[in-house]
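Novice: First, the structure itself, so that you have it in front of you.
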């Protein structure tokens, strides 16, 4: 096998991890903004997961929770999100996997230096806190919120 690129491969632009994250972040914010009101189950799932994490960490807001994470806790949390999200997606539970992905993206966002992500993350943190409030108002099951 050679390391030479074919002429087709030379024309494929590469995307940096930061640019990929920014595109995914923007897509998530847009999706939540446009579709959350039509899908209370997603909001409930995000709120349920974030609410459980906040209770375990004895925090009242998603932003304060993230700000207090040590590097070790940050790494463990992202590894847990990745493992659980992949398992849920493999089982076809895409809504729960989406909720985990939302919290993972929100957790990663403060590490980015892009001014658009910094500003958008404030909005995402508020969306997560709103989802927690929704979950606490409707603590039954996700099937009950549809």
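In my numbering, the protein residues as written are 2 to 147. The beta carbon of each residue, even a glycine, is placed where N, CA and C say it ideally should be. Computed from a predicted model, the values in this text were never measured in an experiment.
1. Apart from the five residues just before and just after residue 44, which ones in its own chain have a Cβ nearer than 6 Å to its Cβ?
2. Taking all protein chains shown into account, do 16 or more other C-beta atoms lie within 10 angstroms of the C-beta of residue 124, making it buried, or fewer, making it exposed?
3. Taking the straight line between their C-alpha atoms, what separation do you get for residue 126 and residue 56?
4. To test your reading of the DSSP string, which unbroken alpha helix (DSSP H) runs of 4 or more residues are found completely within the segment 42 to 98?
5. For residue 128, report the span of its alpha helix (DSSP H) as first-last.
6. Tell me whether residue 59 is buried or exposed, calling it buried when 16 or more other Cβ atoms sit within 10 Å of its Cβ.
7. Relative to the alpha-carbon of residue 116, which residue among 16, 82, 26, 17 has its alpha-carbon at the smallest distance?
8. Just the C-alpha distance for residue 15 and residue 138, rounded to the nearest angstrom, thanks.
9. First and last residue of the alpha helix (DSSP H) that includes residue 40?
10. So, helix, strand or coil for residue 153, using DSSP?
11. Below 6 Å CB to CB, which residues in the same chain sit around residue 48 once its five sequence neighbours on both sides are set aside?
12. Could you tell me how far apart the beta carbons of residue 102 and residue 86 are, in whole angstroms, since I believe they sit closer than 8 Å?
13. For residue 141, does the three-state DSSP call read helix, strand or coil?
Specialist: For this structure:
1. 37, 132, 135
2. exposed
3. 16 Å
4. 63 to 68, 72 to 91
5. 116 to 138
6. exposed
7. 26
8. 45 Å
9. Per DSSP, residue 40 belongs to no alpha helix (DSSP H) and is neither H nor E.
10. Outside the displayed span of the chain (2 to 147) sits residue 153, for which this structure offers no information.
11. 132, 133, 135, 136
12. 6 Å
13. coil
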